[in-house]
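Worksheet for the structure shown next.
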Amino acid sequence: MHARRMHIDGIVQGVGFRPFVARLARACGCTGWVCNSAHGVEILVQHEDDDVLGAFERDLERSAPQAARITRTSSEEVPPEELSSFEIRRSQSDDSKSTLVSPDLSTCNECLDELFDPASRRYRYPFINCTNCGPRFTIIDDLPYDRSLTSMRDFAMCPACAEEYGDESDRRYHAQPDACFECGPRLWLASADETEGLAFDDGALIVDEPVLDRAASDALVREACERLRAGDVLAIKSLGGWHLACDATSEASVRRLRERKRRPTKPLAVMVRDLDAARELAHVSEAAAELMLDPARPIVLVEQREDSPLASGVACGLIEVGIMLPATPLQHLILHGLDAPLVMTSANRSGEPIVARDEDALEMLAGIADAFLGNNRRIVARYDDSVMRASDDGERLEIRRARGFAPAPLSVDGDSPVVLAAGPEQKATFAFLDGERMLVSQHLGDLEHLGALRAWEEARQRYERLFDVHPEVVACDMHPEYLASKWAREQARELGVPLVEVQHHHAHIASVMGENDLHEPVIGIALDGTGYGADGTIWGGEILIADRTGFERFWHLPVFALPGGAAAIKNPERTAYALLKTYSQLDDEFFGQFSLGNPQFAEFVEALENRELIDQMIDRGINSPACSSVGRLFDAASALLGVCAHPSYDGEAACLLEVAARRQVDDTSPLTALSFHEGLARAIINQALEAREATGLASVALSGGCMVNGILRSRLIEQLRDHGFDVHVNRELPPNDGCIAYGQAIVARSKLEE
Ligand code: ZN
Ligand code: ZN
Ligand code: FE
98 MHARRMHIDG IVQGVGFRPF VARLARACGC TGWVCNSAHG VEILVQHEDD
148 DVLGAFERDL ERSAPQAARI TRTSSEEVPP EELSSFEIRR SQSDDSKSTL
198 VSPDLSTCNE CLDELFDPAS RRYRYPFINC TNCGPRFTII DDLPYDRSLT
248 SMRDFAMCPA CAEEYGDESD RRYHAQPDAC FECGPRLWLA SADETEGLAF
298 DDGALIVDEP VLDRAASDAL VREACERLRA GDVLAIKSLG GWHLACDATS
348 EASVRRLRER KRRPTKPLAV MVRDLDAARE LAHVSEAAAE LMLDPARPIV
398 LVEQREDSPL ASGVACGLIE VGIMLPATPL QHLILHGLDA PLVMTSANRS
448 GEPIVARDED ALEMLAGIAD AFLGNNRRIV ARYDDSVMRA SDDGERLEIR
498 RARGFAPAPL SVDGDSPVVL AAGPEQKATF AFLDGERMLV SQHLGDLEHL
548 GALRAWEEAR QRYERLFDVH PEVVACDMHP EYLASKWARE QARELGVPLV
598 EVQHHHAHIA SVMGENDLHE PVIGIALDGT GYGADGTIWG GEILIADRTG
648 FERFWHLPVF ALPGGAAAIK NPERTAYALL KTYSQLDDEF FGQFSLGNPQ
698 FAEFVEALEN RELIDQMIDR GINSPACSSV GRLFDAASAL LGVCAHPSYD
748 GEAACLLEVA ARRQVDDTSP LTALSFHEGL ARAIINQALE AREATGLASV
798 ALSGGCMVNG ILRSRLIEQL RDHGFDVHVN RELPPNDGCI AYGQAIVARS
848 KLEE
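Just so we're aligned: the sequence shown equals residues 98 to 851 in the numbering used here.
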């Protein structure tokens, strides 16, 4: 008899992994057991023939459940045990909080088949799910992951569901959110004019009948589709919160949604029924298709087709459009019924996370939605949709990490007391670093908005409770005014634990070092919006010679005055003028072009309003901090080249400048959108070469919000590689401030080790 003991790390709980292992083992006639462990599952597998064990191991990785994410496997020969069968064992860690549950999972193919199979008892049931799919973190109050600790506790299983739940051979074995028309959540639909006097319990709308049969449920889905077809704006309750939906091919509907939501130009995401439908709207590469089909169902940015039927108001002048495939059974039902692309945008106030409670949705969306399609399953935690892009070379770029990804732990080497990193101010997240796992929260919005700050606090408390992590060290941004930093300083004092303040761009670089297991010093290139610099000025175009504990500022973008400070973001014209004024004296091939003496900009300067005021602000140093931010340089260039002077959302000026560069044909101006991107990349690479010359380092870490810019990103990565650099970027985290909390935690741990 041969026996092997295997450890499987990763997301292998709450995804049907143990029943899968048991089935596989029994199918090849093995004895043994499988049980959960602190980091994953442990398996003992034994057979007379060692080759069978080898085949078992290979099959295990190859045919694991779709939603499982195996990060590490190990296997060793052990003495066999006296066993006559293969069993699923309960383990102590079943009750421990350290176990890792999968994030929310989109409807799997088997459930999808049942959803549209008239013979299935869950035919057209809007909440169908199984061990491999369905809601997870959006419904969990506490761990261990058990129905009684989720918002499914409100629904007692009917005998048929209970039988499946208890049957080891059933694909709904231990599926906590399992339900059907007889016993599970139901839809409700309310017209905007019928919402007066509705009653709520703890924020959830009270429905008269707890269940709804198929015919009644279908009638609501049909009515929702009819309303959408007729041009209505519909609020739809999804996994992590409420969406606003409307017909994406109707200019009038899209305009109505934008006007009511007061969102003039920020791009809207679109949902389509399947990949073929996505291909009618956009050029979907293999890599992009793979992302769209990921069980997390992120919004994927792809290039819109010339002949796309989408209303022009969806992407508002951008080349890319964000497309996602249905993540829930209800979304499948609606998209099948409608068979047209739908705008599917988060219902939120600007800068705040998605709205989750029914009561809040009805109040906030009054005057925006014509009708509300809700359900009586509470959303415990809100998760926005994740946003990603697949680069031409197939690389995945995370832009917003939320539903479907967070809080899947990222593995980090090393050990330390538990670190809580408070994160940045915008694109807020926090992170807990505990042993080898880093839990980065979902995207929580911009903390200067009260709703976002509350969501941040709620989520942080929930993670502490859920994962049983309690801060023994606190890390934060060194910015004196960031709300998360103020909280962190206070918290460290209260708990009597060490506080580590981390410079913003050092955190960016450290996040790349952490994600790529880099332990030697690197040439860190941070191209960013704004961050508080170690000298009190605003940084954002930095080359740092950095290790995990500290850095030396090797080079930075030539500083310019930023009239109005952070508020200059809204006024690219002012920034542009200030740039010309401060750069006029520069003797530099690229940056020297931004000069008041450059005839290309004479007209711009002439036409600028309030020039004297800006002159005074800069000359007397009134609220005009020095800044080396590449993000603000992009804003300025966008205004100077006549691309965008009045952005309606953060980053619009830079996005449109990239669009201009991509669309550019024979522009004969000395400085163009494209030559700006290329010149800037060259200037940065020249400095990287000097840094290598000075330090002997050849390893580069690239991060910062500007790394989302496709042209700058590809030019830098390709050309740095051509020059023989070893180039590293963020992998599972966004290069924007979504990586800051993670980077802060890495720095804090390393400083403690020192
Ligand atoms: Zn399923
Ligand atoms: Zn049932
Ligand atoms: Fe940043």
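Think of the CB as a built atom: it goes at the ideal place given N, C-alpha and C, for glycine as much as any other residue.
Short CB-CB distance (under 9 Å) between Val516 and chain E: Within the model displayed, chain E is absent; a lone protein chain is all it includes.
Gly801 CB to nearest heavy atom of ligand 3 below 8 Å: Position 704 of the sequence shown holds residue 801. Yes; taking the cut-off as 8 Å, the Cβ of Gly801 has a heavy atom of ligand 3 nearer than that.
Asn613 CB to nearest heavy atom of ligand 1 below 8 Å: Walking along the sequence shown from the start, residue 613 turns up at place 516. Outside the cutoff, so no.
Three-state secondary structure assigned by DSSP to Phe117: Along the sequence shown, read from residue 1 onward, the residue named residue 117 stands at position 20. Phe117 falls in the helix class under three-state DSSP.
Neighbour-count burial assignment, Asp481, 16 or more Cβ in a 10 Å radius: If you number the sequence shown from 1, residue 481 lands on position 384. Buried: at least 16 other Cβ atoms inside 10 Å.
beta-carbon Asn833 near ligand 3 non-hydrogen atom, thresh 8 Å: As a working note, residue 833 is residue 736 in the sequence shown. Asn833 Cβ: within cutoff of ligand 3.
Top-ranked residue by Cα proximity to Gly491, from Leu388, Asp243, Ile416, Lys524: Here the question's residue 491 lines up with position 394 in the sequence shown. Out of Leu388, Asp243, Ile416, Lys524, Leu388 has the C-alpha closest to the C-alpha of Gly491.
Proximity of Thr170 and Glu158 at Cβ, strictly below 9 Å: The count along the sequence shown starts at 1 and reaches residue 170 at position 73. The count along the sequence shown starts at 1 and reaches residue 158 at position 61. Yes, the pair counts as a contact, with Cβ atoms nearer than the cut-off.
Expected contact under 8 Å - CB spacing of Ile606 and Val597 to nearest Å: Numbered from its first residue, the sequence shown carries residue 606 at position 509. Numbered from its first residue, the sequence shown carries residue 597 at position 500. No, Ile606 and Val597 are not in contact; Cβ-Cβ is about 15 Å, not under 8 Å.
Collapsed DSSP secondary structure at Gly471 in the structure displayed: Along the sequence shown, one-based indexing puts residue 471 at 374. The answer is strand: DSSP assigns Gly471 an E or B state.
Nearest-residue set for ligand 1, Cβ under 5 Å from any heavy atom: Cys205, Cys208, Cys227, Asn229, Cys230
Buried/exposed call for Gln892, threshold 16 Cβ in 10 Å: What the structure shows of the chain is the stretch from 98 to 851, and residue 892 is not part of that stretch, so it cannot be assessed.
Option in Lys678, Asn827, Pro200 with minimal Cα separation from Ala733: Residue mapping note: residue 733 aligns to position 636 of the sequence shown, counting from 1. If we check each option's Cα against that of Ala733, Lys678 comes out closest.
Distance, Glu815 Cα to Phe688 Cα: As a working note, residue 688 is residue 591 in the sequence shown. As a working note, residue 815 is residue 718 in the sequence shown. Approximately 22 Å, taken between the alpha carbons.
Own chain partners of Gly111 with C-beta closer than 7 Å, once the 5 adjacent residues on each side are dropped: Start at 1 with the first residue of the sequence shown, and residue 111 comes out as number 14. Result list for Gly111: Val198, Ser199, Arg233, Tyr242, in chain order.
Spatially closest choice to Leu498 from Gly542, Pro274, Arg562, Gly107, by CA coordinates: For this step, residue 498 is matched to residue 401 along the sequence shown. It should be noted that the sequence gives Arg, not Leu, for residue 498. Comparing Cα positions, the closest option is Gly542.
Cβ neighbours of Ser409 in the same chain (closer than 8 Å, five flanking residues each side left out): Numbered from 1 along the sequence shown, position 312 holds the residue referred to as residue 409. Result list for Ser409: Glu348, in chain order.
Member of Arg394, Val399, Pro395, Val369 whose CA lies at the smallest distance from the CA of Ser382: What you label residue 382 is simply residue 285 of the sequence shown in a count that begins at 1. Considering only alpha carbons, the answer is Val399.
Identified DSSP bridge partners for Met421: Counting from one through the sequence shown, the residue named residue 421 turns up at place 324. Met368.
Given 8 Å, three or more beta-carbon pairs between the segment 665-673 and the segment 752-769: no
Contact test: Gly263 Cβ vs ligand 2 heavy atom, cutoff 8 Å: As a working note, residue 263 is residue 166 in the sequence shown. No; taking the cut-off as 8 Å, the Cβ of Gly263 has no heavy atom of ligand 2 nearer than that.
CA-to-CA distance, Ile843 to Asp512, given in whole angstroms: As a position in the sequence shown, residue 512 is number 415, starting the count at 1. As a position in the sequence shown, residue 843 is number 746, starting the count at 1. Between Asp512 and Ile843, the C-alpha separation is close to 11 Å.
Supposed contact pair Glu617 and Ser796 - C-beta distance, whole angstroms, cut 8 Å: Within the sequence shown, residue 796 is the residue found at index 699, counting from 1. Within the sequence shown, residue 617 is the residue found at index 520, counting from 1. That belief holds up - the Cβ atoms of Ser796 and Glu617 are roughly 7 Å apart, short of 8 Å.
Limits of the unbroken beta strand (DSSP E) element including Cys803: Residue 803 sits at position 706 when you count from the first residue of the sequence shown. Element bounds for Cys803: n/a, residue is neither H nor E.
Span separating the alpha-carbon of Gly532 from that of Ala623: Against the sequence shown, residue 532 aligns to sequence position 435. Against the sequence shown, residue 623 aligns to sequence position 526. When rounded, the distance between both Cα atoms is 28 Å.
Arg324 (DSSP reduced to helix, strand or coil): Numbered from 1 along the sequence shown, position 227 holds the residue referred to as residue 324. Reduced to three states, the DSSP call for Arg324 is helix.
Buried or exposed (CB count within 10 angstroms, at least 16 for buried), Glu45: In this structure the chain extends from 98 to 851, so residue 45 is not present and cannot be described.
Beta-carbon proximity check, Leu676 vs Gly471, cutoff 9 Å: As a working note, residue 676 is residue 579 in the sequence shown. As a working note, residue 471 is residue 374 in the sequence shown. For Leu676 and Gly471, no; Cβs fall outside 9 Å.
Straight-line gap, Asp510 to Asp455 (C-alpha atoms, nearest Å): Within the sequence shown, residue 510 is the residue found at index 413, counting from 1. Within the sequence shown, residue 455 is the residue found at index 358, counting from 1. So the alpha carbons of these two residues sit roughly 42 Å apart.
Sufficient close CB pairs (3 or more, under 8 Å) joining the segment 718-730 to the segment 692-706: no
Any non-hydrogen atom of ligand 3 closer than 8 Å to Gly294 Cβ: Here residue 294 refers to the residue found at position 197 of the sequence shown. No, since every heavy atom of ligand 3 falls outside the 8 Å radius drawn around the Cβ of Gly294.
Contact under 9 Å by Cβ, Leu365 with Leu435: As a working note, residue 365 is residue 268 in the sequence shown. As a working note, residue 435 is residue 338 in the sequence shown. Taking 9 Å as the Cβ cut-off, Leu365 and Leu435 do not qualify as a contacting pair.
Alpha carbon of Leu830 to alpha carbon of Cys343, nearest angstrom: On the sequence shown, residue 830 is found 733 positions in, with the first residue counted as 1. On the sequence shown, residue 343 is found 246 positions in, with the first residue counted as 1. So the two alpha carbons sit approximately 31 Å from each other.
Assigned secondary structure, Asp267 (DSSP; H/G/I helix, E/B strand, else coil): Translated into the one-based positions of the sequence shown, residue 267 becomes position 170. In this structure, Asp267 counts as coil in the three-state DSSP scheme.
Secondary structure of Lys583, DSSP reduced to three states: Position 486 of the sequence shown, counted from the start, is the residue given in the question as residue 583. In the structure shown, Lys583 sits in a helix (DSSP, three-state: H, G or I).
C-alpha distance - Ser288 paired with Ile333, whole-angstrom precision: Here residue 288 refers to the residue found at position 191 of the sequence shown. Here residue 333 refers to the residue found at position 236 of the sequence shown. About 12 Å.
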